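Trainee:
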Amino acid sequence: MEDKRKLYTITVLIALAGVLMSLIVSCFAGGVAGYWIASRQTREVAEELLQERGGFERHELIIPPELFEREFESFRERLSGAVVRYVEPGSPADEASLE
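Every number in this note's numbering is 15 more than the matching position in the sequence shown, counting from 1.
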């Protein structure tokens with residue numbers, strides 16, 4: 016009876032170890048596959064964008080001037096009615112005519 020119990024315990028432990036190893040391997044394989052799929056998709060999107068634009072310089076960053084103007088107006092609106100104690104000459108606040 017004692018031997019059967021030991022054999023049963025060993026069998027259960029081996030089965031649990033197999034399940035655990037299966038989970039570990041599947042998680043690792045899923046991570047590798049996810050990284051590979053994401054990097055491949057990113058590369059395809061980047062290549063499509065490059066074909067549309069015809070290439071670009073690595074340091075090139077194009078920001079439309081309207082974006083800056085819109086943000087500057089928003090900054091002005093938020094500060095309207097604010098109490099300003101000191102404006103440093105030449106600062107953005109000075110350029111915004113805050114007094």
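Just so it is clear, CB atoms sit at the ideal spot from N, CA and C, and this is done for glycine as well. None of these values were measured; they are calculated from a predicted model.
Tell me which residues share the same chain as Val60 and place their Cβ nearer than 7 Å to its Cβ, disregarding the 5 neighbours each side in the sequence.
Mentor: For the purposes of this step, residue 60 is taken as the residue at position 45 of the sequence shown. Closer than 7 Å at Cβ, skipping near neighbours: no residue.
Trainee: For Arg55 and Leu65, what's the separation of their Cα atoms in angstroms?
Mentor: Here residue 55 is taken as the residue at index 40 of the sequence shown, counted from 1. Here residue 65 is taken as the residue at index 50 of the sequence shown, counted from 1. Arg55 and Leu65: Cα-Cα distance of roughly 15 Å.
Trainee: Using the C-alpha atoms, what's the distance from Glu67 back to Ser37?
Mentor: Along the sequence shown, read from residue 1 onward, the residue named residue 37 stands at position 22. Along the sequence shown, read from residue 1 onward, the residue named residue 67 stands at position 52. In a straight line, the C-alpha of Ser37 is about 45 Å away from that of Glu67.
Trainee: Where does Ser37 fall in DSSP's three states?
Mentor: In the sequence shown, residue 37 corresponds to position 22, counting from 1. In the structure shown, Ser37 sits in a helix (DSSP, three-state: H, G or I).
Trainee: Excluding the 5 residues flanking Val40 on each side, which residues of the same chain have their C-beta closer than 8 Å to its C-beta?
Mentor: Position 25 of the sequence shown, counted from the first residue, corresponds to residue 40. Nothing listed; no residue qualifies.
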